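Residue numbers (the numbering used here): 18 to 76. Glycine residues also receive a C-beta, built at the ideal position from the N, C-alpha and C atoms. Owing to the predicted nature of the structure, the values given are computational and were not obtained by experimental measurement. Just below is one structure, and these are the notes that go with it.
This is the structure:
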């Protein structure tokens with residue numbers, strides 16, 4: 018009867034934990050770059066109206 022290789026199984030569990038931790042860290046970095054509301058960190062966001070009104074078509 019074959020014996021179970023516990024060291025191999027433990028190593029596989031450890032590798033899986035490490036892979037999941039790396040994926041989680043990557044997701045956290047992506048979320049941090051995007052900002053709290055999901056927009057890109059480098060994009061400008063202003064809720065205040067601009068100084069000049071939008072141009073309108075003359076009819």
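Collapsing the DSSP output to three states places residue 50 in a helix. DSSP, reduced to helix, strand and coil, places residue 24 within a helical segment of the structure shown. When the five nearest sequence neighbours on each side are left out, no beta carbon in the same chain lies closer than 7 Å to the beta carbon of residue 33.
Assignment of residue 19 by DSSP, reduced to helix, strand and coil, places it in the coil class.
For the pair residue 51 and residue 38, the Cα-to-Cα distance works out to about 20 Å.
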